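Undergrad:
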Amino acid sequence: HMPGWDEFYREFSERLARHGYTVICPDLYCRFGHGTPDDIAAKARSEGGVADDSVVADCAAALSWLREQPTSNGKVGIIGTCSGGRHALLTASLVTGFDAVADLWGGGVVMAKEDLSEARPVAPIDYTASLSAPLLGIFGNDDQHPSPEQVNQHEEELRRHGKVYEFYRYDGASHGFFYYHTPMYRPEAAMDGWAKVFSFFGHYLKGSA
(Lines of atoms letter the chains of each structure in order from A; the text may use other names.)
(Lines give C-alpha, C1' and ligand atoms only; values in the text may rest on other atoms or scores of the structure.)
Protein backbone atom coordinates (compact mmCIF):
# COMPACT_ATOMS: atom_id res chain seq x y z
CA HIS A 219 0.00 0.00 0.00
CA MET A 220 1.00 3.59 -0.18
CA PRO A 221 3.14 4.78 1.55
CA GLY A 222 4.81 1.41 1.21
CA TRP A 223 7.38 0.19 3.70
CA ASP A 224 6.02 2.08 6.72
CA GLU A 225 5.45 1.35 10.39
CA PHE A 226 2.11 -0.34 9.74
CA TYR A 227 3.61 -2.80 7.28
CA ARG A 228 6.53 -3.57 9.57
CA GLU A 229 4.08 -4.32 12.38
CA PHE A 230 1.91 -6.27 9.92
CA SER A 231 4.95 -8.42 9.10
CA GLU A 232 5.82 -8.89 12.76
CA ARG A 233 2.29 -10.10 13.45
CA LEU A 234 2.59 -12.77 10.78
CA ALA A 235 5.99 -13.78 12.17
CA ARG A 236 4.54 -14.17 15.66
CA HIS A 237 2.12 -16.68 14.19
CA GLY A 238 5.02 -18.84 13.09
CA TYR A 239 5.72 -17.62 9.56
CA THR A 240 9.05 -16.63 8.09
CA VAL A 241 8.29 -13.20 6.63
CA ILE A 242 9.92 -10.80 4.20
CA CYS A 243 8.44 -7.38 3.47
CA PRO A 244 10.18 -6.13 0.31
CA ASP A 245 10.48 -2.38 -0.15
CA LEU A 246 8.79 -2.09 -3.53
CA TYR A 247 9.36 1.68 -3.60
CA CYS A 248 13.11 1.64 -2.96
CA ARG A 249 13.94 2.78 -6.49
CA PHE A 250 12.24 6.12 -5.86
CA GLY A 251 15.03 7.20 -3.53
CA HIS A 252 15.39 7.81 0.19
CA GLY A 253 13.25 9.68 2.69
CA THR A 254 10.19 9.13 4.82
CA PRO A 255 7.59 6.66 3.53
CA ASP A 256 5.23 9.56 2.80
CA ASP A 257 7.90 11.43 0.82
CA ILE A 258 8.72 8.36 -1.23
CA ALA A 259 5.03 7.66 -1.84
CA ALA A 260 4.54 11.22 -3.11
CA LYS A 261 7.48 10.81 -5.49
CA ALA A 262 6.14 7.46 -6.71
CA ARG A 263 2.72 8.97 -7.39
CA SER A 264 4.25 11.90 -9.26
CA GLU A 265 6.04 9.46 -11.54
CA GLY A 266 2.97 7.35 -12.27
CA GLY A 267 3.43 4.75 -9.56
CA VAL A 268 5.67 1.73 -9.25
CA ALA A 269 5.71 -0.32 -12.45
CA ASP A 270 4.00 -3.70 -12.39
CA ASP A 271 7.01 -5.49 -13.89
CA SER A 272 9.21 -4.09 -11.11
CA VAL A 273 6.77 -5.27 -8.44
CA VAL A 274 6.52 -8.76 -9.90
CA ALA A 275 10.31 -9.09 -10.16
CA ASP A 276 10.82 -7.99 -6.55
CA CYS A 277 8.14 -10.35 -5.26
CA ALA A 278 9.56 -13.22 -7.30
CA ALA A 279 12.96 -12.55 -5.71
CA ALA A 280 11.32 -12.57 -2.27
CA LEU A 281 9.73 -15.92 -3.11
CA SER A 282 13.13 -17.37 -4.00
CA TRP A 283 14.68 -15.98 -0.81
CA LEU A 284 11.96 -17.50 1.37
CA ARG A 285 12.37 -20.92 -0.19
CA GLU A 286 16.09 -20.84 0.63
CA GLN A 287 15.57 -20.19 4.34
CA PRO A 288 16.25 -23.05 6.78
CA THR A 289 12.84 -22.43 8.36
CA SER A 290 11.01 -23.02 5.07
CA ASN A 291 8.56 -25.92 4.83
CA GLY A 292 8.45 -25.49 1.06
CA LYS A 293 5.24 -23.45 1.03
CA VAL A 294 5.03 -19.70 0.40
CA GLY A 295 2.16 -17.24 0.59
CA ILE A 296 1.85 -13.63 -0.50
CA ILE A 297 -0.35 -10.95 1.06
CA GLY A 298 -0.96 -7.25 0.62
CA THR A 299 -3.42 -4.48 1.38
CA CYS A 300 -4.71 -1.79 -0.99
CA SER A 301 -2.23 -1.56 -3.90
CA GLY A 302 -0.33 -4.34 -2.13
CA GLY A 303 -3.36 -6.59 -2.51
CA ARG A 304 -3.31 -5.86 -6.22
CA HIS A 305 0.43 -6.55 -6.28
CA ALA A 306 -0.02 -9.87 -4.48
CA LEU A 307 -2.72 -11.00 -6.90
CA LEU A 308 -0.75 -9.81 -9.93
CA THR A 309 2.40 -11.61 -8.81
CA ALA A 310 0.60 -14.88 -8.09
CA SER A 311 -0.93 -14.66 -11.56
CA LEU A 312 2.41 -14.18 -13.33
CA VAL A 313 4.82 -16.16 -11.14
CA THR A 314 4.40 -19.83 -10.26
CA GLY A 315 5.45 -21.18 -6.89
CA PHE A 316 3.02 -19.53 -4.48
CA ASP A 317 0.72 -21.72 -2.39
CA ALA A 318 -1.70 -19.03 -1.17
CA VAL A 319 -2.43 -15.40 -1.98
CA ALA A 320 -4.38 -12.88 0.10
CA ASP A 321 -5.74 -9.70 -1.48
CA LEU A 322 -7.02 -7.27 1.14
CA TRP A 323 -9.18 -4.64 -0.62
CA GLY A 324 -6.81 -4.39 -3.57
CA GLY A 325 -7.95 -1.60 -5.86
CA GLY A 326 -7.09 -1.55 -9.54
CA VAL A 327 -7.73 -5.25 -10.14
CA VAL A 328 -10.54 -4.23 -12.47
CA MET A 329 -9.40 -1.32 -14.64
CA ALA A 330 -10.99 0.73 -17.39
CA LYS A 331 -8.95 1.01 -20.58
CA GLU A 332 -8.33 4.69 -19.95
CA ASP A 333 -6.73 3.84 -16.59
CA LEU A 334 -4.10 1.57 -18.11
CA SER A 335 -0.62 3.06 -18.41
CA GLU A 336 2.95 2.25 -19.29
CA ALA A 337 3.54 1.29 -15.65
CA ARG A 338 0.29 -0.70 -15.42
CA PRO A 339 -0.41 -1.96 -18.95
CA VAL A 340 -2.76 -4.85 -18.10
CA ALA A 341 -5.52 -5.12 -15.50
CA PRO A 342 -4.83 -8.01 -13.08
CA ILE A 343 -8.32 -9.41 -13.68
CA ASP A 344 -7.20 -10.16 -17.24
CA TYR A 345 -4.61 -12.57 -15.86
CA THR A 346 -7.17 -14.61 -13.91
CA ALA A 347 -6.72 -17.69 -16.08
CA SER A 348 -3.07 -17.94 -15.00
CA LEU A 349 -3.64 -17.41 -11.25
CA SER A 350 -1.63 -20.25 -9.74
CA ALA A 351 -2.68 -20.28 -6.07
CA PRO A 352 -5.84 -20.26 -3.93
CA LEU A 353 -7.01 -16.69 -3.32
CA LEU A 354 -8.40 -15.02 -0.20
CA GLY A 355 -10.19 -11.72 -0.75
CA ILE A 356 -11.26 -9.38 2.07
CA PHE A 357 -13.30 -6.29 1.24
CA GLY A 358 -15.36 -3.51 2.80
CA ASN A 359 -18.79 -2.98 1.32
CA ASP A 360 -18.44 0.80 1.69
CA ASP A 361 -15.22 0.84 -0.32
CA GLN A 362 -15.14 2.33 -3.81
CA HIS A 363 -11.64 1.18 -4.75
CA PRO A 364 -12.51 -1.61 -5.24
CA SER A 365 -16.24 -1.04 -5.32
CA PRO A 366 -18.63 -3.90 -4.50
CA GLU A 367 -19.44 -4.04 -8.22
CA GLN A 368 -15.78 -4.51 -9.09
CA VAL A 369 -15.47 -7.24 -6.47
CA ASN A 370 -18.47 -8.93 -8.09
CA GLN A 371 -16.76 -8.72 -11.48
CA HIS A 372 -13.61 -10.26 -10.07
CA GLU A 373 -15.53 -13.05 -8.37
CA GLU A 374 -17.40 -13.82 -11.59
CA GLU A 375 -14.10 -14.11 -13.46
CA LEU A 376 -12.65 -16.42 -10.80
CA ARG A 377 -15.70 -18.65 -11.07
CA ARG A 378 -15.52 -18.65 -14.85
CA HIS A 379 -11.97 -19.97 -14.72
CA GLY A 380 -12.67 -22.48 -11.94
CA LYS A 381 -10.26 -20.91 -9.46
CA VAL A 382 -10.14 -21.77 -5.76
CA TYR A 383 -11.01 -18.67 -3.76
CA GLU A 384 -12.72 -17.30 -0.65
CA PHE A 385 -14.19 -13.79 -0.61
CA TYR A 386 -15.43 -12.07 2.55
CA ARG A 387 -17.22 -8.72 2.57
CA TYR A 388 -17.88 -6.50 5.57
CA ASP A 389 -20.81 -4.13 5.98
CA GLY A 390 -19.95 -0.77 7.51
CA ALA A 391 -16.31 -1.11 6.47
CA SER A 392 -14.61 1.04 3.88
CA HIS A 393 -11.10 1.04 2.44
CA GLY A 394 -8.32 0.13 4.85
CA PHE A 395 -10.43 -1.03 7.75
CA PHE A 396 -7.45 -2.91 9.27
CA TYR A 397 -5.54 0.38 9.65
CA TYR A 398 -5.79 0.91 13.42
CA HIS A 399 -3.98 4.26 13.15
CA THR A 400 -6.66 5.84 10.92
CA PRO A 401 -10.37 6.77 11.15
CA MET A 402 -11.05 3.92 8.69
CA TYR A 403 -10.38 1.32 11.40
CA ARG A 404 -13.28 -1.02 12.17
CA PRO A 405 -12.18 -3.24 15.08
CA GLU A 406 -14.76 -6.02 14.81
CA ALA A 407 -14.40 -6.37 11.05
CA ALA A 408 -10.61 -6.19 11.32
CA MET A 409 -10.47 -8.88 14.01
CA ASP A 410 -12.65 -11.17 11.94
CA GLY A 411 -10.60 -10.40 8.83
CA TRP A 412 -7.36 -11.28 10.60
CA ALA A 413 -8.93 -14.55 11.73
CA LYS A 414 -9.80 -15.29 8.09
CA VAL A 415 -6.20 -14.57 7.04
CA PHE A 416 -4.71 -16.90 9.64
CA SER A 417 -7.24 -19.64 8.92
CA PHE A 418 -6.55 -19.43 5.18
CA PHE A 419 -2.78 -19.36 5.52
CA GLY A 420 -2.89 -22.02 8.21
CA HIS A 421 -4.73 -24.36 5.84
CA TYR A 422 -2.66 -23.75 2.72
CA LEU A 423 0.76 -22.99 4.19
CA LYS A 424 0.92 -25.02 7.40
CA GLY A 425 -1.58 -27.79 6.67
CA SER A 426 -1.62 -30.57 4.12
CA ALA A 427 -3.46 -28.60 1.41
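Residue numbers for the sequence shown follow this note's numbering, so the first one is 219 and each next one is one higher. We treat Cβ as the ideally placed atom computed from N, Cα and C, and that holds for glycine. Keep in mind that this is a model prediction, so the values were computed, not measured.
In the DSSP assignment, find the alpha helix (DSSP H) that holds I258 and state where it starts and stops.
TA: P255 to S264
Undergrad: Quick check: what's the CA-CA separation for A235 versus A279?
TA: 19 Å
Undergrad: What whole-angstrom Cβ distance do H372 and V328 have, given they're in contact under 8 Å?
TA: 6 Å
Undergrad: Tell whether a beta-carbon distance below 8 Å holds between V268 and L308.
TA: Here V268 is not near L308, since their CB atoms are 8 Å or more apart.
Undergrad: Please classify V415 as buried or exposed, where buried requires at least 16 other C-beta atoms within 10 Å of its C-beta.
TA: buried
Undergrad: Taking T240 as part of the beta strand (DSSP E), name the residues at either end of that continuous run.
TA: Element bounds for T240: n/a, residue is neither H nor E.
Undergrad: By DSSP, does E384 sit in helix, in strand, or in coil?
TA: strand
Undergrad: Of the residues G253, G251 and E286, which one's Cα is nearest the Cα of V241?
TA: E286
Undergrad: Can you check DSSP and say which residues form a bridge with G358?
TA: BP columns for G358 point to Y388.
Undergrad: Quick check on DSSP: helix, strand or coil for T346?
TA: helix
Undergrad: Apart from the five residues on each side of it in sequence, which residues of its chain come closer than 6 Å, Cβ to Cβ, to E384?
TA: L354
Undergrad: Between which residues of its own chain and G326 is the CB-CB distance below 6 Å, once the five residues before and five after are set aside?
TA: R304
Undergrad: Please state the DSSP three-state secondary structure of T299.
TA: Reduced to three states, the DSSP call for T299 is strand.
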